[in-house]
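Colleague: Sequence lines, in order, name chains F and A. Residue numbering for the first sequence follows my numbering, starting at 144 and increasing by one per position. Residue numbering for the second sequence follows my numbering, starting at 639 and increasing by one per position. Backbone N, C-alpha and C define an ideal beta-carbon position, used for all residues, glycine too. Quick caveat, the model's predicted, so the values are computed rather than measured.
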Amino acid sequence: MQNKAVKLSAAAVIVFFLLMAAGAVLAPKVARLYGQYRALPARSVTALIAAFYCCVVPAMIAMVCLFLLLRNIRLERPFLEENSRLMAVISWCCAAVSLVTLAACFWYLPLLFVSAPMAFIFLIVRVVRNCFIAAIQLKEENRLTI
Amino acid sequence: MSIVVNLDVMLAVRKMSSLELAERIGITPANLSILKTGKAKAVRFSTLDAICKALDCQPGDILEYREEESK
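1. Does the structure place the segment 246–259 of chain F close enough to the segment 639–652 of chain A that three or more beta carbon pairs sit under 8 angstroms?
2. Compare the C-beta of residue 700 of chain A with all C-beta atoms of chain F and state if any pair is closer than 8 angstroms.
3. I need the boundaries of the alpha helix (DSSP H) containing residue 204 of chain F, first residue and last residue.
4. Residues of chain F with CB closer than 9 angstroms to the CB of residue 647 of chain A, please, in chain order.
5. For residue 693 of chain A, count neighbouring C-beta atoms within 10 Å of its own C-beta (all shown protein chains included) and say buried if the count is 16 or more, exposed if not.
6. Between the segment 660–677 of chain A and chain F, which residues of the former have CB atoms less than 7 angstroms from a CB of the latter, in chain order?
7. Shortest alpha-carbon distance to residue 648 of chain A belongs to which of A:680, A:698, A:661, A:682?
8. Run through DSSP, which three-state label would residue 706 of chain A get?
9. Please state the DSSP three-state secondary structure of residue 182 of chain F.
10. Apply the 10 Å Cβ neighbour rule to residue 190 of chain F and answer buried if 16 or more other Cβ atoms are within range, or exposed otherwise.
11. Do the segment 262–279 of chain F and the segment 211–227 of chain F touch if we need at least three Cβ pairs shorter than 8 angstroms?
12. Report the neighbours of residue 681 of chain A on chain F: residues whose CB is nearer than 9 angstroms to its CB, in chain order.
13. Quick check: is the beta carbon of residue 224 of chain F nearer than 8 angstroms to any beta carbon in chain A?
14. Count the other CB atoms, across all protein chains shown, that sit within 10 Å of the CB of residue 249 of chain F; report buried if there are 16 or more and exposed otherwise.
15. Please state whether DSSP places residue 685 of chain A in a helix, a strand or coil.
16. Which word fits residue 274 of chain F, buried or exposed, when buried means at least 16 other C-beta atoms lie within 10 angstroms of its C-beta?
17. What are the partner residues of residue 279 of chain F, as DSSP defines its beta bridges?
18. When DSSP builds the beta bridges, which residues end up paired with residue 148 of chain F?
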């Protein structure tokens, strides 16, 4: 059952990665269509496109890290130092997206609804990482208990 | 770590090899090596009990407290 859950998560990560890649190609067109639909000023549309492209890089890095994390879980190696480092990278990617969208808020305020949740996810991932680090230390101590 | 494990001394006294001791007390040679080389973080009472039985000794014969030199 756990294997199924990991495979499902991995599939979701791959799908999201492909969507991000497609988004990177279609972003200017979609943003302009959205801008026309909502009658947004040109600077807002530009801010949207710029924010998206700035966020695509950390987002794709986070997806790769998630995939590597899931691979280690599938190989029954959840308590590795490497996993703790991957979670740190994911958290900083979330922080980067939060900061970029916060900056873009000056031109398109609704991006605040992306910035705030991303800051929250950054905090959650950091705390979960702290739990992982404690678990790794406990496992190591247990390994050295004869 | 200030606790020193003097297994080598007792093994020599009892003329027993590490491998034989590991087999008798039911732990792997690798784990016994961790104990001997001072890398162990903790020892279970059950393991200590098995070692003392196998080597016919007291815990004090194999465990020693040495105050660490101040830096």
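Modeller: Per the coordinate set shown:
1. no
2. no
3. 185–217
4. Correct list: empty, because the minimum Cβ distance to chain F is about 18 angstroms.
5. buried
6. 665, 669, 672, 673, 677
7. A:698
8. coil
9. coil
10. buried
11. yes
12. 288, 289
13. no
14. exposed
15. helix
16. exposed
17. BP columns for residue 279 of chain F are empty, so no partner.
18. None; residue 148 of chain F has no bridge partner.
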